[in-house]
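Here the protein sequences line up with chains A and B, keeping their order.
Numbering-wise (the numbering used here), the first sequence opens with residue 96 and increments by one.
Numbering-wise (the numbering used here), the second sequence opens with residue 4 and increments by one.
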Amino acid sequence: MFDNLDPVILARAQFAFTVSFHFIFPSFSIGLASYLMVLEALWLKTGQGVYANLFRYWLKIFAVVFGMGVVSGVVLSYQFGTNWSVFSTKAGPIIGPLMAYEVMTAFFLEAGFLGVMLFGINKVGKGLHFFATCMVALGTLISATWIIAVNSWMQTPAGFVVNAKGQFVAAGSWLPIIFTASFPYRLVHTVIAAYLTTAFVVGGVGAWHLLRDRSNPGARKMFSMAMWMAAIVTPIQILAGDAHGLNTLEHQPAKVLAMEGHYEPSPNGASLILFGLPSNKDAAVRYKIEVPYLGSLILKHDPTAPLPGLSDFPRDQWPPVPIVFWSFRIMVGLGFAMLGLGLWSLLARFRGKLYDWPWLHRASVAFGPAGFVAVIAGWVTTEVGRQPFTIYGLLRTAESSSPLAAPAVAVSLIAFVVVYFAAFGAGTYYLLRLMAKPPEAREKEPPKVPQRAAGITPAAAGAQLTAGE
Amino acid sequence: MSIDLTIVWAAIIGFAVMAYVVMDGFDLGIGILFPTLAVGEERDQAMNSIAPVWDGNETWLVMGGGGLLAAFPLAYAIILPATYPLMIAMLLGLVFRGVAFEFRWRDSRHRALWDVAFWLGSLVAAFAQGVTLGAILQGIHVENDAYAGGWLDWLSPFSVLTGISVVVGYGLLGATWLIWKTEGTSQRHARRAAFWLGAGTLAALGAVSAATPFLDYDYWRRWFTMPNVLATAQVPLLVVICAVTFFWSLKQGRERLPFLMSLALFLLSFIGLGISIYPYAVPRAITIWDAAAPPQSQSFMLVGALIIIPLILAYTAWAYWVFRGKVGTAGYH
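In structure tokens, the structure reads:
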């Protein structure tokens with residue numbers, strides 16, 4: 096039935112699907128782990144019950160998100176082998192050790208302390224519990240560092256030689272392999288993105304409850320914290336993104352040209368194409384709306400600086416421009432909209448109306464999921480923009496795959512789609528249901544114990560769920 | 004330097020796989036036994052006994068897979084395509100059972116559904132792992148350092164036998180874990196299940212051991228020729244000792260010993276597999292030296308592994324210690 100399909104396209108679709116789905120969870124759990132750490136620290140420091148309440152509230156959500164992140168991540172560690180065995184054989188000696196370090200320094204750390212963080216509050220002291228929370232948060236950041244090192248090496252490979260078997264192996268020191276040219280930019284951009292994604296979810300949830308009850312102290316506190324993040328961190332992210340773009344122009348110019356939609360070189364300064372319909376077939380962007388000189392001003396910080404075009408590169412090295420062009424615009428558009436929301440909240444805050452402007456709250460609810468969309472759009476931009484290579488300029492995607500049988504890949508792709516939508520769809524529904532419950536003001540005074548997340552006695556869990564409905 | 008890093012890495016990967024098998028083995032085993040547990044308290048206790056540790060247990064699977072990619076990339080690149088549908092089935096099974104841990108508490112109306120997902124996911128994952136073991140033992144068709152067979156080559160009576168064996172064996176680990184961690188009715192049920200699962204595991208062990216030497220002349224020679232037999236005969240001897248101790252401890256009403264004896268049976272089986280396979284990474288096709296990553300990669304990882312793995316073991320042991328004792332009816336919270 097599937098024999099006439101191209102197995103490499105199917106394998107690419109499968110990887111794109113599983114990795115995109117997976118990254119939704121870490122981009123939330125990286126930020127949420129740090130947020131929980133901050134909440135617990137504030138609780139221990141000030142003894143204010145509101146922080147304990149918020150900690151307990153978001154811990155339940157974290158438990159669900161983290162579980163989904165783990166299981167969708169295990170899939171990825173095996174997909175390199177099932178679908179991309181040539182890539183695994185050739186790049187394994189370089190990326191394998193980096194990922195092994197990720198497992199050893201991050202995954203075990205998170206998993207080892209997660210049990211205590213979720214279930215151990217009555218088993219260990221407050222200080223040790225806080226330590227466990229910190230270790231989980233640290234683990235998420237270490238994990239991000241290693242996997243971004245892997246991805247960055249694939250984007251801007253360095254520090255390797257090719258051995259007699261055609262494998263990429265370390266030339267000497269491992270530092271140039273880990274700290275490649277794009278690594279610091281990508282790491283900063285990704286981690287800030289995770290923090291912003293979380294901030295907008297927290298802000299959205301806070302706003303949702305403010306719309307129902309402006310006096311809820313938990314909702315006020317989380318909304319205020321989230322809006323500080325939106326106002327302060329969004330501009331930093333835009334600057335980080337700009338620096339990342341300039342770095343990409345230096346090392347992967349074809350990707351930036353695809354993002355900008357420049358097929359032809361611009362010797363006298365490039366325009367900025369705002370919108371249009373790019374087509375690789377015609378090598379042109381139709382119906383484009385452009386601002387003259389602005390492209391060069393952004394990318395070169397000089398309005399008349401020349402910029403190459405994709406036609407300066409061999410045709411078989413062009414990424415699929417329409418996807419990259421549009422995913423980039425989605426990311427940037429959302430970034431500036433987030434900035435707008437952050438500024439709006441500052442205005443409200445300085446007028447003393449942060450909890451009183453319903454339209455600000457409605458906008459925040461609407462922007463609750465914006466971070467996820469922006470993160471996925473950003474990854475689509477950088478990953479599709481790397482095509483047609485898996486290791487940029489060195490190993491083509493078409494030459495990276497396993498000896499695949501189209502039926503096996505097609506059936507498994509369908510199975511992944513069905514299972515992910517069923518399992519993670521249910522998970523998303525449970526998350527929304529948890530978020531729809533207002534944070535309870537259960538603890539006014541410094542409490543002895545916060546309640547734990549999962550595995551509550553069935554009766555209590557049932558009662559809580561009913562209370563939330 | 005006289006130390007062969009390839010052997011060191013084979014030992015580390017072997018350790019990771021073994022750690023995975025016994026640790027995720029008992030929590031997958033609880034999943035396999037889930038339908039036999041009474042709805043309500045008994046199931047909740049069983050779930051609570053593994054909720055704080057299952058994530059760490061499963062991380063050893065990532066360590067095994069990631070470590071294989073890092074240390075023996077060629078073996079990784081051959082075994083995974085050769086067992087493609089099994090790997091996908093295992094991963095999807097793990098997805099279902101993994102989300103069930105949280106979901107069953109979040110949705111009391113559909114708890115029965117998530118309990119089924121937990122059982123089926125565990126069962127499929129365990130069976131797929133067992134069949135994969137059989138597929139590796141019976142040999143993989145390799146040409147030019149790549150998998151050259153079809154996508155259903157792994158399927159054979161032998162691999163189905165190993166699949167069933169692993170399911171029964173994990174069930175035994177799960178049941179004996181429950182003897183240790185629960186009391187009252189739950190413990191009584193677990194004890195009864197452990198008796199039959201113990202008998203089943205030994206029968207499966209016997210059947211697989213009897214069939215393996217006939218897969219290939221080499222396996223036969225390793226086990227039964229002089230002077231090898233003097234060393235290899237110790238394995239079945241120890242299996243008999245462990246089996247007798249296991250049934251005795253069960254009869255005596257001991258709480259921890261049945262689990263430890265089940266672990267010992269797994270360890271002995273693992274040593275037996277080592278005797279059959281070493282020094283191949285893919286039996287009869289690729290040795291560990293053929294498959295090994297270049298020395299730069301091996302030594303870079305070894306520096307970290309020697310420091311970090313003991314740390315991992317230390318805080319994992321601490322996490323288990325925090326949740327020591329019986330889970331109790333109200334859970335440990």
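Built from N, CA and C at the ideal position, the CB exists for glycine as well.
A quick note: this is a predicted structure, and the numbers were derived from the prediction, not measured.
Under a 10 Å Cβ-count criterion, Pro483(A) is classified as exposed, with fewer than 16 other Cβ atoms of the shown protein chains found around its own Cβ. Look at Val102(B): its C-beta is under 8 angstroms from a C-beta on chain A. Around Tyr515(A), the same chain offers Phe116 as residues with beta carbons nearer than 6 angstroms, after the five sequence neighbours per side are excluded.
Here the alpha carbons of Gly67(B) and Leu193(A) stand approximately 14 angstroms from one another. Shown here, Ala136(A) sits in a helix according to DSSP, grouped into three states.
Against chain A, the CB of Met21(B) has no partner CB under 8 angstroms away; the residue lies outside that interface. Listed along chain A, the residues sitting closer than 8 angstroms to Ala80(B) by beta-carbon distance are Gly176, Ser180, Val181, Ser183, Thr184, Gly187 and Ser497. Ser277(A) is positioned such that its CB atom lies closer than 8 angstroms to that of Asn342(A). Per DSSP, Glu494(A) has no beta bridge partner at all. The Cβ neighbour count for Met354(A), taken over all protein chains shown within 10 Å, is at least 16; the residue is labelled buried. Distances from the CA of Ala320(B) to each of Val165(A), Gln109(A), Ala206(A) and Ile189(A) were compared; the closest alpha carbon is that of Ala206(A). In the DSSP assignment, Phe18(B) falls within the unbroken alpha helix (DSSP H) covering Leu8 to Leu36.
Scanning Ser310(A), Pro330(A) and Leu134(A) for the CA closest to the CA of Met433(A) turns up Pro330(A). Linking Gly144(A) to Gly313(A) through their CA atoms gives a straight-line distance of about 10 angstroms. Below the 7 angstroms Cβ cutoff, chain B contributes Gly68, Leu83, Met90 and Leu94 as neighbours of Tyr173(A), in chain order. Within the DSSP secondary-structure output, Tyr150(B) pairs in a beta bridge with Val145(B). Restricting attention to Val219(A), Gly463(A) and Phe123(A), the CA atom closest to the CA of Thr235(A) is found in Phe123(A). Nearest neighbour of Ala73(B) by Cα position, chosen from Phe326(B), Ala317(B), Gln301(B) and Glu258(B), turns out to be Gln301(B).
Three or more beta-carbon pairs separated by less than 8 angstroms link the region 169 to 186 of chain B to the region 254 to 270 of chain B, which places the two stretches in contact. Taking all protein chains shown into account, Asp47(B) has 16 or more neighbouring C-beta atoms within 10 Å of its C-beta and is therefore buried. Contact of Trp154(B) with chain A by beta-carbon distance below 8 angstroms involves Ala500, Pro502 and Ala503. Taking a C-beta cut-off of 9 angstroms against chain A, none of the residues of the region 166 to 182 of chain B qualify. Put simply, of Ile119(A), Asp397(A) and Ser374(A) the residue whose alpha carbon is nearest the alpha carbon of Val470(A) is Ile119(A).
A residue is called buried when at least 16 other Cβ atoms come within 10 angstroms of its Cβ; Gln109(A) meets this threshold and is buried. A Cβ-Cβ distance of about 13 angstroms is found for the pair Phe255(A) and Ala244(A), leaving them out of contact under the 8 angstroms criterion. Taking 8 angstroms as the threshold, the shortest C-beta distance from Ala379(A) to chain B does not fall below it. Under the rule that a run must span 4 or more residues, the alpha helix (DSSP H) segments found entirely inside the region 201 to 284 of chain A read 203 to 214, 221 to 250 and 270 to 273. Taking 4 residues as the shortest admissible run, the region 403 to 487 of chain A contains the following complete alpha helix (DSSP H) segments, listed from N- to C-terminal end: 416 to 445, 453 to 461 and 465 to 479.
Within the same chain, and ignoring the five residues on either side of Gly480(A) in sequence, the residues whose Cβ sits closer than 6 angstroms to its Cβ are Lys350, Ala353, Pro414 and Val419. Under the three-state reduction of DSSP, Tyr281(B) is assigned to coil, being neither helix nor strand. Scanning its chain for C-beta atoms nearer than 7 angstroms, with the 5 sequence neighbours on each side dropped, one finds around Leu77(B) the residues Asp148, Ile289, Asp293 and Ala294, in chain order.
Its chain contains Met264, Ala267 and Leu268 as the residues whose beta carbon lies nearer than 6 angstroms to that of Cys245(B), once the 5 sequence neighbours on both sides are disregarded; these appear in chain order. With a minimum length of 4 residues, the unbroken runs of alpha helix (DSSP H) contained wholly in the region 349 to 399 of chain A fall at 389 to 395.
By a beta-carbon distance limit of 8 angstroms, Gly298(A) contacts Phe318(A). Their separation comes to about 6 angstroms.
Secondary-structure assignment with DSSP links Ile315(B) through no beta bridge to anything. Interface residue (Cβ-Cβ distance to chain B less than 8 angstroms): Trp439(A) is not classified as such.
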